[in-house]
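Chains as they are written, first to last, in our numbering: chain A, -9 to 163; chain B, -9 to 163; chain C, -9 to 163; chain D, -9 to 163.
Protein chains: 4
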Amino acid sequence: MSIRLFITGGTFDKEYDEIHGKLYFKDTHLPEMLKLGRCRADVKVRTLMMVDSLEMTEADRELILANCRRAHEERIVITHGTDTMEDTARMLGAAITNKTVVLTGAMVPYAFGSSDGLFNLGSAISLAQCLPHGVYIAMNGRFFTWNDVQKNRALGVFEARHRAESRGPDPHG
Amino acid sequence: MSIRLFITGGTFDKEYDEIHGKLYFKDTHLPEMLKLGRCRADVKVRTLMMVDSLEMTEADRELILANCRRAHEERIVITHGTDTMEDTARMLGAAITNKTVVLTGAMVPYAFGSSDGLFNLGSAISLAQCLPHGVYIAMNGRFFTWNDVQKNRALGVFEARHRAESRGPDPHG
Amino acid sequence: MSIRLFITGGTFDKEYDEIHGKLYFKDTHLPEMLKLGRCRADVKVRTLMMVDSLEMTEADRELILANCRRAHEERIVITHGTDTMEDTARMLGAAITNKTVVLTGAMVPYAFGSSDGLFNLGSAISLAQCLPHGVYIAMNGRFFTWNDVQKNRALGVFEARHRAESRGPDPHG
Amino acid sequence: MSIRLFITGGTFDKEYDEIHGKLYFKDTHLPEMLKLGRCRADVKVRTLMMVDSLEMTEADRELILANCRRAHEERIVITHGTDTMEDTARMLGAAITNKTVVLTGAMVPYAFGSSDGLFNLGSAISLAQCLPHGVYIAMNGRFFTWNDVQKNRALGVFEARHRAESRGPDPHG
């Protein structure tokens, strides 16, 4: 079973610029991460863009969608910045129903050594192989469907939209 | 959804003894790995033993089975040495049909920095949440059912038993 | 022989803020680094400040000088941001002649895993024990006296001022 | 100032064999470590052997001595297993008086991520540049002359022989 891995950038792939002391994008770390994980799944990697997801445009999202549609593989993993991951998931989820697409990301750049990226990549590649067709977000040991997920920006955590709402004041209370 | 994580040792948890220059077991790294992965799944950890899987006895396997049966959780992950992982999977697979049990391990100790363990742990925790009841091995981006898996010792890779057999000489050739 | 280690911040101690995706200061990593290096030298650590050296004020430098003067130890290491390390070295060098003071830093935060910090710390602690009284900068396997050093900002490298000047156009050429 | 770096193996360069779960030697990590330390000193690397120092023979030591004598550089660093480092230091110390030779090693393999090797390498390269002619051992933030050093095998620590002896029962007590 082949898996297509589309790279779009995000925290996953941020680097430290030694000269200017800033974070930036250079090359993707995904092939190195697959090697570190001794990944034996048949994963084909293609970089679509290398952007901070806060700077992702509608044209960028259209490009991602077009690539998902065009892919021969039925199983797709997309690495993505966490800030607008739910937006891309929603857009893809409304359009793609005949493939399994799993978006994942990282809270800490892989290059920093103490990243959750490798853990999340293992999750996403596994989920892409066994979840039914649809679009999902896999982060930090949990996964969500595209129409029931949001990033809690205060905590830096993804959570179900439904469950989050139901935590509000109980009208029957 | 709660996940029970049983620790049995294996390469996952080997340490380097600075005084004697040998590998040994001390404490498990699993809680640290869950923290590194920023794991938000509800994972409850219990150490059953800390052994090299080559030294695992039938009594050890009975203990693992008893704990799987006794667990309140329907979703179970077991960390295990790779050398006899398929034996434990077979024994559990014949006995447990009402829970999802995923065995995983590592080719390189987590303490060595360049381990596949975090990747595999992400896989196992995700698969435990979405695979149907049964016993599985999840390693290096792939997963196998308990009755169709073997470790290729020459390559250090898990593979389907069926597929491996079918690679043999073709009787109709 | 006791060594006093004064911490002032700098790249050495920058952290990654997962929520905002920015670099910031929290606690110093120096005790952890000494532990990682299995340091058996008698090093006493004190944090004086946690600042980016571009934001270091004259008052900050006066505080560093006062602490160097007041220290009972004859051997002092100072961790410092690289951007103005030469300024602090010059100020201390003009004032302190009865102690050995070695400034060091890092081009990459220690928290990023691939840092030069541990290498530089090993250098600085060793040099503090064997260089004659005076003020020095130790970075990336080389060391310089306070009045003959500058940071080449384009390359991110420290170099001797004298040698750098002599590389200019030769008036006798 | 050129520094000659001779590699002889030792814990520094041990690797983990994924197939057999044992430690072994493959290629040296020293060039990678110099790169990680952003080392700007002019270091020329040559591998003389890749052995566990417990298996080092007199012929091996003669080879090391011959290479030290033959080297054009006045400053030499030798990476060496810690178990017999003091023996090699003694043999070299009795023979070489016109160069500065610093032996160093690691308590934990570099490949394990949590190694003291980078710290020790920073020390050794710095000490080689500023210590007077003679033979030294640099480990874990301390350094010793060839005729006053021993490894405390119980603690895994190098210490001065003289000081260790003087810790014995006091005849005037």
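We put the beta carbon where it would ideally sit given N, CA and C, even for glycine.
These numbers come from a predicted model, not from an experiment.
CB residue i to CB residue j, shorter than 7 Å?
i	j	result
residue 88 of chain C	residue 62 of chain C	no
residue 116 of chain C	residue 104 of chain D	no
residue 82 of chain D	residue 91 of chain D	yes
residue 55 of chain D	residue -4 of chain D	no
residue 139 of chain A	residue 8 of chain C	no
residue 2 of chain B	residue 95 of chain B	yes
residue 108 of chain B	residue 109 of chain A	yes
residue 131 of chain D	residue 132 of chain C	no
residue 168 of chain B	residue 120 of chain A	Residue 168 of chain B lies beyond the range of chain B shown here (-9 to 163); nothing can be said about it.
residue 40 of chain A	residue 74 of chain A	no
residue 118 of chain C	residue 134 of chain C	no
Give the single residue among the options whose Cα lies nearest to the Cα of residue i.
i	options	result
residue 48 of chain D	D:128, D:30, D:80, D:-9	D:80
residue 76 of chain A	A:40, A:23, A:44, A:-6	A:44
residue -1 of chain C	C:9, C:150, C:7, C:36	C:36
residue 86 of chain D	D:105, D:133, D:137	D:137
residue 42 of chain A	A:54, A:121, A:70, A:11	A:70
residue 68 of chain B	B:146, B:152, B:-6, B:151	B:-6
residue 23 of chain C	C:60, C:56, C:101	C:101
residue -9 of chain D	D:51, D:128, D:66	D:66
residue 125 of chain A	A:131, A:72, A:149, A:84	A:84
residue 72 of chain C	C:146, C:19, C:151	C:146
residue 51 of chain D	D:21, D:135, D:78	D:78
residue 28 of chain A	B:27, B:11, B:111, B:151	B:111
residue 129 of chain A	B:26, B:10, B:6	B:26
Quick one: is residue i near chain D, going by C-beta distance under 7 Å?
i	result
residue 120 of chain C	yes
residue 144 of chain C	no
residue 148 of chain B	no
residue 115 of chain C	yes
residue 108 of chain C	yes
Answer with yes or no whether the minimum CB distance from residue i to chain A is below 7 Å.
i	result
residue -6 of chain B	no
residue 54 of chain C	no
residue 9 of chain C	yes
residue 112 of chain B	yes
residue -9 of chain B	no
Count the other CB atoms, across all protein chains shown, that sit within 10 Å of the CB of residue i; report buried if there are 16 or more and exposed otherwise.
i	result
residue 144 of chain D	exposed
residue 17 of chain A	exposed
residue 142 of chain A	exposed
residue 60 of chain C	exposed
residue 34 of chain C	exposed
residue 246 of chain C	No answer is possible for residue 246 of chain C: it lies beyond the span of chain C, which begins at -9 and ends at 163.
residue 19 of chain C	buried
residue 4 of chain B	buried
residue 160 of chain B	Below a pLDDT of 50, predicted positions are generally treated as unreliable, and residue 160 of chain B, at 39, falls in that range; the measurement from the model is reported next regardless. It counts as exposed.
Using the DSSP secondary-structure output, state which residues sit across from residue i in a beta bridge.
i	result
residue -1 of chain A	A:41
residue 142 of chain B	B:147
residue 5 of chain C	C:14
residue 32 of chain B	B:-8
residue 127 of chain C	C:93, C:134
residue 69 of chain D	D:-3, D:94
Within the 7 Å Cβ cut-off, does residue i reach chain C?
i	result
residue 97 of chain D	yes
residue 103 of chain A	yes
residue 186 of chain A	Here chain A has residues from -9 to 163 only, and residue 186 of chain A is not among them.
residue 29 of chain D	yes
Taking 7 Å as the CB-CB limit, is residue i close to chain B?
i	result
residue 130 of chain A	yes
residue 100 of chain D	no
Please determine whether the Cβ atom of residue i lies at a distance below 6 Å from any heavy atom of the ligand FAD.
i	result
residue 52 of chain D	Judged by which ligands are present, the structure shown has none, so any question about the ligand FAD falls away.
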